[in-house]
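Protein chains: 2
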Amino acid sequence: MKTTGKIIREKREKKGLLLRHVSAQLDIDTAILSKIERGERKATREQIAKLADILDLDKESLIIQYLSEKILHEIQDEDLGIQALKVAEKTIKYGLTKYK
Amino acid sequence: MKTTGKIIREKREKKGLLLRHVSAQLDIDTAILSKIERGERKATREQIAKLADILDLDKESLIIQYLSEKILHEIQDEDLGIQALKVAEKTIKYGLTKYK
DNA sequence: TATTAACTTGACATTTATTGTCAAATTTAG
DNA sequence: CTAAATTTGACAATAAATGTCAAGTTAATA
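In order, the protein sequence lines correspond to chains A and B.
Numbering (the numbering used here) for the first sequence: 1 to 100.
Numbering (the numbering used here) for the second sequence: 101 to 200.
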């Protein structure tokens, strides 16, 4: 499966943009963008949105991918992760999110 | 749907335990436990495990509930949350978690 | 109703996680 | 080669999570 980082790097290179071009627009150091692309760091929610604009990527797909990685990070090395995901899904579907 | 907090409070009361009894065992102030039970704060992963022991609750169920709330918190007010959940689920099932 | 124990609230401190910079090292393209 | 691009790692800054404390409520009951 394609990761957020790989999607970004691939598109950036396809567009012939350098890390410094894109990182300047994001107002961060190239080092961070480099790490984001290689999956060593997570981007912020805002950076993801900007990246979609800058790189002309489908914003919704990118956000979905990004959020799914955040979710996976949350349950990494939890045996009960999958079950927790299913409960979360059901809870959302019942529209009970707010009534915690 | 029953929340982590409600499950805890209900069982604590059923056992006739006071906030101070349980919070002492968790080594936190009663204020926090009060907030946890009312959903104003999240417990830590360790506290959840201890609470299951102290209150004689099914540990796996409690952890699943707890994790699902953490997941929901991660995607709260995200329109694409459900889709992200589904992608996360698929990713786990393909066993690709580690190969990010 | 006055008292007192249980619980709640909110302001603030502490800790931990996340996000960032910088400079030196490495890699890559000409 | 060498110069630009990228990566690395130590560390700083910021943000989020977790906690304390003391004062305020609530509720049971003497």
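Where a beta carbon is used, it is the ideal one built from N, C-alpha and C, also for glycine.
For a contact meaning CB atoms closer than 7 Å, what does residue i contact in chain A?
i, result
"residue 170 (chain B)", "74"
By the criterion of Cβ-Cβ separation under 7 Å, what are the contact partners of residue i in chain B?
i, result
"residue 84 (chain A)", "164, 167, 168 and 171"
"residue 78 (chain A)", "167"
"residue 88 (chain A)", "168, 171, 172 and 185"
In chain A, what lies closer than 8 Å to residue i by C-beta?
i, result
"residue 181 (chain B)", "67 and 92"
Return the chain-ordered list of same chain residues with a C-beta closer than 8 Å to the C-beta of residue i, the five sequence neighbours on each side being excluded.
i, result
"residue 83 (chain B)", "Because chain B spans 101 through 200 in this model, residue 83 (chain B) falls outside it and cannot be assessed."
"residue 22 (chain A)", "12, 33, 51, 54 and 55"
"residue 84 (chain A)", "75 and 78"
"residue 73 (chain A)", "42"
"residue 105 (chain B)", "136, 137, 138 and 139"
Taking the continuous alpha helix (DSSP H) assigned at residue i, which residues delimit it?
i, result
"residue 184 (chain B)", "181-193"
"residue 31 (chain A)", "30-37"
In three-state DSSP terms, what is residue i?
i, result
"residue 58 (chain A)", "coil"
"residue 102 (chain B)", "coil"
"residue 78 (chain A)", "coil"
"residue 19 (chain A)", "helix"
"residue 153 (chain B)", "helix"
"residue 197 (chain B)", "Note that residue 197 (chain B) scores 43 on pLDDT, short of 50, meaning its location in the model is unreliable and no value can be drawn from it."
"residue 111 (chain B)", "helix"
"residue 42 (chain A)", "coil"
Quick check: is any heavy atom of the ligand SAM less than 6 Å from the C-beta of residue i?
i, result
"residue 87 (chain A)", "This structure lacks the ligand SAM, and indeed carries no ligand of any kind."
Counting only the same chain and skipping the five closest in sequence on each side, list residues whose C-beta sits under 6 Å from that of residue i.
i, result
"residue 157 (chain B)", "111"
"residue 180 (chain B)", "none"
"residue 15 (chain A)", "none"
"residue 107 (chain B)", "none"
"residue 195 (chain B)", "none"
Taking the Cβ atom as the reference point for each residue, do residue i and residue j lie within a distance shorter than 7 Å?
i, j, result
"residue 217 (chain B)", "residue 137 (chain B)", "Residue 217 (chain B) is absent from the structure shown; chain B starts at 101 and stops at 200."
"residue 63 (chain A)", "residue 48 (chain A)", "yes"
"residue 92 (chain A)", "residue 182 (chain B)", "yes"
Listing by chain order, which chain B residues have their CB less than 9 Å from the CB of residue i?
i, result
"residue 182 (chain A)", "Shown here, chain A extends from 1 to 100; a query on residue 182 (chain A) therefore has no answer."
Give me, in chain order, the residues of the same chain whose beta-carbon lies closer than 7 Å to that of residue i; leave out the 5 immediate sequence neighbours on both sides.
i, result
"residue 87 (chain A)", "none"
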